[in-house]
Every structure is written in structure tokens, then in C-alpha cells.
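Right, one structure below, let's go through it.
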């Protein structure tokens, strides 16, 4: 799945402002990042669609990765151990079909089951209305806006901070492992 993930992320890096990376990392770097999240037992999800090859219908439908999502540590200091940051990217040919919502729903469920209590979204570009609206629809609230903290392709960019409680949030003490 990683070549498709690389293709999707590279598109967003080169054509959007959701990521503040200016050059897409190579496939090996994305694989290293994924391995790091998985080694921490954090979710890394893909959305796929079934389709048929161009030449002829086959008994087994070909899989096409149309999006991915993962949760990473919010910060590395131990006091942040109950908080994760989400990332979601959808293939530009498949936006506005609910893929982001389905990925976010599963990501929230898995992070809640793992005992995390807060999820943070750091959304690149305050003009990124689709991402902001998705997060609002999924129960995130605005937690701040860092103005003009990034510069990409000749534009100053904001980082929109949003937050959502997971499970019982801060209402109870967590069960330490």
C-alpha cells in the first residue's frame, strides 16, 4: 500500500497547503515513519476501493488505495502520552465521497480503544475549509489558530488547532498500562 500512500501524500505536498513539507519525502522515508508509528502500536489505516483493470474484468477485483490516516504522538514528553495527533489524506480523485469521514471514524474508534483521551488536529492553512469542516463534523472544537507560522510557495500559512476528547476525555483517571 505504501507506493499508493506515497503518491497521495506527494500530491498534497506539491499542490496543497495541508502539509507544511515543501518537497515530498521519498517512499523509504514514508515507510520509516509508518514503521515508527506501528512500533508504538498506533493505528495506520488505508481506505480502498475495488475496481477492475482497464483491459478486462477479472475474477479478483484490483484494490485501489484512495486515502489513508494515522495517529501519531502529539508530543514526545511523557505527560502527553494520552494525546495523539491525527493525519488524514485522501486521493484528490476521490474527495467528497465520505472517505475522510470513514477514515476519521475508524481512527477515533481505534485511538479510543487504545486508551487515548485527546486527539489533536493541526490543520495546515486556515483556508482549508474541507478539513476544518470534517473535523467539526467529527466533534472537534477549535483550540487556536497560529497565524503565519509557515511559508510555502510564496504564501504565509496558518496552523489551525482543533481538539476532540476521546472516550471519557479528562472526566476520569486513565488506566495506566
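Numbering (this note's numbering), first residue to last: 62 to 238.
Quick reminder that beta carbons are idealized off the backbone N, C-alpha and C, glycines included.
Original post:
Where does residue 197 fall in DSSP's three states?
Top reply: For the purposes of this step, residue 197 is taken as the residue at position 136 of the chain shown. In this structure, residue 197 counts as helix in the three-state DSSP scheme.
Subject >> Endpoints, the alpha helix (DSSP H) within which residue 91 is located >> reply: Indexing the chain shown from 1 puts residue 91 at position 30. Element bounds for residue 91: 88-100.
**OP:** Compare the C-alpha of residue 133 against each of 126, 125, 149 and name the closest.
**Re:** To locate residue 133, count along the chain shown from 1; it is residue 72. Among 126, 125, 149, the Cα nearest to that of residue 133 is on 149.
**OP:** Going by CA-CA distance only, name the one from 125, 193, 230, 200 that's closest to residue 219.
**Re:** Walking along the chain shown from the start, residue 219 turns up at place 158. Cα-wise, what sits closest to residue 219 is 193.
**OP:** Could you pull out every residue in the same chain whose Cβ sits closer than 8 Å to the Cβ of residue 236, ignoring the five residues on either side in sequence?
**Re:** Numbered from its first residue, the chain shown carries residue 236 at position 175. These residues qualify, in order along the chain: 176.
**OP:** Could you round the C-beta distance between residue 105 and residue 91 to whole angstroms and report it? I think they count as a contact, below 8 Å.
**Re:** Walking along the chain shown from the start, residue 105 turns up at place 44. Walking along the chain shown from the start, residue 91 turns up at place 30. No, residue 105 and residue 91 are not in contact; Cβ-Cβ is about 11 Å, not under 8 Å.
Original post:
Does the beta-carbon of residue 178 have 16 or more other beta-carbons within 10 angstroms, so that it is buried, or is it exposed?
Top reply: On the chain shown, residue 178 is found 117 positions in, with the first residue counted as 1. The residue in question, residue 178, is buried, as its Cβ has 16 or more Cβ neighbours within 10 Å.
Original post:
Going along the chain, which residues of its own chain have a beta-carbon closer than 7 Å to the beta-carbon of residue 187, five neighbours each way excluded?
Top reply: Counting from one through the chain shown, the residue named residue 187 turns up at place 126. Here the set comprises 206, 219, 221.
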